[in-house]
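Quick mapping for you: the protein sequence lines, in order, are chains A and B.
If you number the first sequence the way this note's numbering does, the last residue is 1896 and the count never jumps.
If you number the second sequence the way this note's numbering does, the last residue is 113 and the count never jumps.
Glycine residues also receive a C-beta, built at the ideal position from the N, C-alpha and C atoms.
Notes for the one structure printed next.
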Amino acid sequence: MKNIIIIGAGTGGTMIANKLYKALDKKEWQITIIDPSEIHYYQPGFLFIPFGIYSKKDVEKPTKKFLPKKINFICSEVDSINPLDNTVILKNQNVLSYDYLFVSSGTRLSPEDTPGLKDKLWQVDIFEFYTAEGAIALGQKLKNFKGGKLVMSIVDLPFKCPIAPIEFVCLADEYLKKKGIREKTEIIYVTPLSGAFTKPIASKMLNNLLLSKNIKIVPDFYIEKIDNDNKKLISYDGRDVPFDLLVIVPLNKGADFIEKSGLGDELNFVPVNMHTLQVEKHPNIFVLGDAAAIPTSKAGSVVHFAGEIVFKNFMSIIKNKNIIHSFDGHANCFIEAGHGKATIIDFNYNTEPLPGKYPVPLFGPFSLLSVNRLNHIGKLLFKWLYWKFIIKGRYIPISSNMSTKGKKQMFN
Amino acid sequence: MAEKTIAGQIIHINDEGYMTNPAEWNKEIAIEMAKEEGITLTEKHFAILEYLREKTLKGETLTIRKVGASGIVDIKEFYQLFPGAPLKLASKLAGISKPTSCV
Chain A
1485 MKNIIIIGAG TGGTMIANKL YKALDKKEWQ ITIIDPSEIH YYQPGFLFIP FGIYSKKDVE
1545 KPTKKFLPKK INFICSEVDS INPLDNTVIL KNQNVLSYDY LFVSSGTRLS PEDTPGLKDK
1605 LWQVDIFEFY TAEGAIALGQ KLKNFKGGKL VMSIVDLPFK CPIAPIEFVC LADEYLKKKG
1665 IREKTEIIYV TPLSGAFTKP IASKMLNNLL LSKNIKIVPD FYIEKIDNDN KKLISYDGRD
1725 VPFDLLVIVP LNKGADFIEK SGLGDELNFV PVNMHTLQVE KHPNIFVLGD AAAIPTSKAG
1785 SVVHFAGEIV FKNFMSIIKN KNIIHSFDGH ANCFIEAGHG KATIIDFNYN TEPLPGKYPV
1845 PLFGPFSLLS VNRLNHIGKL LFKWLYWKFI IKGRYIPISS NMSTKGKKQM FN
Chain B
11 MAEKTIAGQI IHINDEGYMT NPAEWNKEIA IEMAKEEGIT LTEKHFAILE YLREKTLKGE
71 TLTIRKVGAS GIVDIKEFYQ LFPGAPLKLA SKLAGISKPT SCV
């Protein structure tokens, strides 16, 4: 019997577990998946909770519901990995051996890394929406919000779902208008980037989107600390941004066991071969999704596309064949623009987001980099697709690698 | 891509002023480029430039946080030495390409 261990039952872990289970001979392979939570979260849904569009029940389901019974699910924290003797040590010091290991432990918020963040204003006037609890608490706060300075800020890169803060301010603009207090509210977008997004053409388009909604952008702002007494963000170069309500993306880090296992970079993300997602020194370890230190977005679409490639390569490896598939960094995201409209971006390691149609070139039905209602419907339908197909590892006829067909070449 | 003569040498730069061939870099070029930015380079500056070049040649991605954890400077001092956008400015003076963000 050969053992596969998967650490993390989020999007990537659950998806690869299902794919492997279907493809492998159950008499030869035992699959074990480890996660500290028994709940699977639909993370793209967190964004909608503060505005009352989704509630907790839209984003939570039992993890076991998405795993075949013969997969061994262990609800536990991982203490460490020992890649030299191919073992995983659990929090209770139980030792599990693996032939192949998939690390899909994602990112976690680390507000402790920013002085003054997890202080007396935390969950009082400072909120986040990257956890279900955080998003619910923010929803309560917004309900009673009377206007003032609403600041959305990002501590550092990389962070999960890099367009979510842009979506947040767009939805906040709509929400506050409906509440009748938009004119009493100044929305300010504070980012360590030089603009709304990193890639030039999308950044220009998203900058214009925010400006059209009278949302002010404060670029190149690298947060040093938060002054709780004066309710101000302070940057390393001595600038400050006052706030009444601060919504923040705290520093994102990989899991602690990665640091303990000596597999991580300075933020506990795991350096891997960016085309095969294997740890260079330990090729029987694959890293899926946000846990990997690769130069693309930390987003569900990435682990969906990368997971397909890793799965195909894995099947070749166990048959002693050469691996032929290479991940190109493909990412795409629906971007909610407020007022029932959305846009989409599609890009990879080498090609920045460009206008065109998606997923079928020239046809669509979705339009890249333009804001319309159909894209918004796509974003809402995605929840259904996620629960029914994506995490169950079912085949979806969308290319894993990015297509440049029908895309308009542009100059900045 | 354009050619530029600086410190008596010809270098290749892109339209944002970043050198396209790190091998063309030397300290005299850095000193002249820094002058254009209103900075007088000290040994501390050079220690950072060398660190950035070394990490880049190894294929590592650079971030402000990483420089702050390098043991050469903390983030506050990095900002003081290269005001404004320190990683971009220091990368330009180190003769390496503009830092890309991973999103």
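- When DSSP assignments are scanned along the stretch 1728 to 1786 of chain A, the uninterrupted stretches of beta strand (DSSP E) that are 3 or more residues long and fall wholly within it turn out to be 1729 to 1733, 1766 to 1771.
- Using a CB distance below 9 angstroms, the part of the stretch 85 to 112 of chain B facing chain A consists of Ile85, Lys86, Phe88, Tyr89, Gln90, Pro93, Gly94, Ala95, Pro96, Lys98, Thr110, Ser111, Cys112, ordered along the chain.
- One finds Ile85, Lys86, Tyr89 in chain B with Cβ atoms closer than 7 angstroms to the Cβ of tyrosine 1720(A), taken in chain order.
- By the neighbour-count criterion, in which 16 or more other beta carbons inside 10 Å mark a residue as buried, cysteine 1654(A) falls on the buried side.
- Flagged as an interface residue toward chain B: glutamate 1750(A), by a C-beta distance shorter than 7 angstroms.
- Within the stretch 1694 to 1717 of chain A, contact with chain B at the beta-carbon level (separation under 8 angstroms) is assigned to Asp1704, Tyr1706, Glu1708.
- Burial is judged here by how many other beta carbons sit within 10 angstroms of a residue's own beta carbon; threonine 15(B) has fewer than 16 and is exposed.
- One thing to note: lysine 1683(A) has its Cβ within 7 angstroms of the Cβ of proline 1837(A).
- Of all residues in the stretch 62 to 77 of chain B, those with a C-beta nearer than 8 angstroms to a C-beta of chain A are Thr71, Thr73, Ile74, Arg75, Lys76, reading in chain order.
- Secondary structure remark: continuous alpha helix (DSSP H) runs of at least 4 residues inside the stretch 1654 to 1701 of chain A, in chain order: 1684 to 1696.
- Taking a contact as a CB-CB distance under 8 angstroms, the pair leucine 1772(A) and valine 1787(A) counts as one, their CB atoms being some 5 angstroms apart.
- Here lysine 1503(A) has Phe1795, Gly1877 as same chain residues with Cβ atoms under 6 angstroms from its own Cβ, once five neighbours each way along the sequence are excluded.
- Inter-segment contact for the stretch 1638 to 1645 of chain A and the stretch 1731 to 1741 of chain A is present: three or more beta-carbon pairs are separated by less than 8 angstroms.
- In the three-state reduction of the DSSP assignment, alanine 1826(A) falls in the strand class.
- Rounded to the nearest whole angstrom, the CA to CA distance from alanine 1507(A) to tryptophan 1513(A) is 10 angstroms.
- Of all residues in the stretch 1594 to 1623 of chain A, none is placed with a Cβ closer than 7 angstroms to any Cβ belonging to chain B.
- DSSP places tyrosine 61(B) in the uninterrupted alpha helix (DSSP H) bounded by 53 to 67.
- Of all residues in the stretch 1769 to 1780 of chain A, only Ala1777, Ile1778, Pro1779, Thr1780 come within less than 9 angstroms of chain B when Cβ atoms are compared, listed by chain position.
- In the same chain as proline 1779(A), and ignoring 5 residues on each side of it, the C-beta atoms closer than 8 angstroms to its own belong to Met1758, Gly1813, Tyr1833, in chain order.
- Under the 8 angstroms Cβ criterion, the stretch 1487 to 1497 of chain A counts as touching the stretch 1575 to 1591 of chain A, having at least three qualifying pairs.
- Restricting attention to beta strand (DSSP E) runs no shorter than 3 residues, the stretch 1581 to 1659 of chain A encloses them at 1584 to 1587, 1632 to 1638, ordered along the chain.
- At a cut-off of 4 residues, not a single continuous stretch assigned as alpha helix (DSSP H) sits fully inside the stretch 1796 to 1851 of chain A.
- Taken through DSSP and simplified to helix, strand or coil, lysine 1709(A) comes out as strand.
- Pairing phenylalanine 1532(A) with threonine 1498(A) gives a Cβ-Cβ distance that is not under 7 angstroms.
- For valine 77(B), the enclosing alpha helix (DSSP H) starts and ends at 74 to 78.
- CA-CA distance, glycine 1600(A) to leucine 1634(A), rounds to 18 angstroms.
- For histidine 22(B), the beta-bridge partners assigned by DSSP are Glu13(B).
- Contacts with chain A at 7 angstroms (Cβ-Cβ) include alanine 79(B).
- Against chain B, the CB of aspartate 1640(A) has a partner CB under 7 angstroms away; the residue lies at that interface.
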